[in-house]
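Numbering (UniProt numbering), first residue to last: 1 to 139. Using N, Cα and C, we set each Cβ at its ideal position, and we do this for glycine too.
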Amino acid sequence: PTVLNTCGQPVDLGAAERCFTPAQIKRLWLRDRHCTYPGCDAPAAWTDAHHLIHWADHGPTDLDNGALLCQRHHTIVHTQRYHGRVERDQHGRERVTWDLTPGAYDHALAQLQPHGSPHGRGDPALPRASGDDHPPPRP
């Protein structure tokens, strides 16, 4: 189901839609303010919205599963298979934290999926490229 903000714009789309909407991106800009990779201060205007649990792995296109990353760090996060998550402090403020252990994403994904469930969208017998955040090609 789609969740709307007070202006009637979609902000949580679930897993049906891959791309973040302009309203969601605006909310990510307000929350994150810059690239969320540790030590990077690339401004929000230079970033992309990243699915923390990749869309190809059934990650929803919503604010709790999104983070801003500059192109350089977006590539590094996928290549090294780092894992990020949105955390809330005692005052309810949200921020993205990163586990920069290579392969952390795969470990986190294994914890989220029931044992023996297929991994990713589409035919589980088809291999996917490591770090692929795109749906598999359609036949």
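Residue 21 vs residue 67 beta-carbon contact at 8 Å: no
Taking 8 Å as the cut-off, decide whether the C-beta atoms of residue 27 and residue 55 are in contact. no
Here's the rule: buried if 16 or more other CB atoms are within 10 angstroms of the residue's CB, otherwise exposed. What is residue 24? buried
Nearest candidate by alpha-carbon position, reference residue 104, set 94, 81, 87 and 57: It is 81 whose Cα lies nearest to the Cα of residue 104.
Extract the residue ranges of the beta strand (DSSP E) inside the UniProt domain "HNH nuclease" (25 to 75), only unbroken runs of 3 or more that lie entirely within it. Taking only runs of at least 3 residues, the beta strand (DSSP E) segments lying wholly in the UniProt domain "HNH nuclease" (25 to 75) are 47 to 51 and 66 to 70.
Could you give the DSSP three-state label for residue 78: helix, strand or coil? helix
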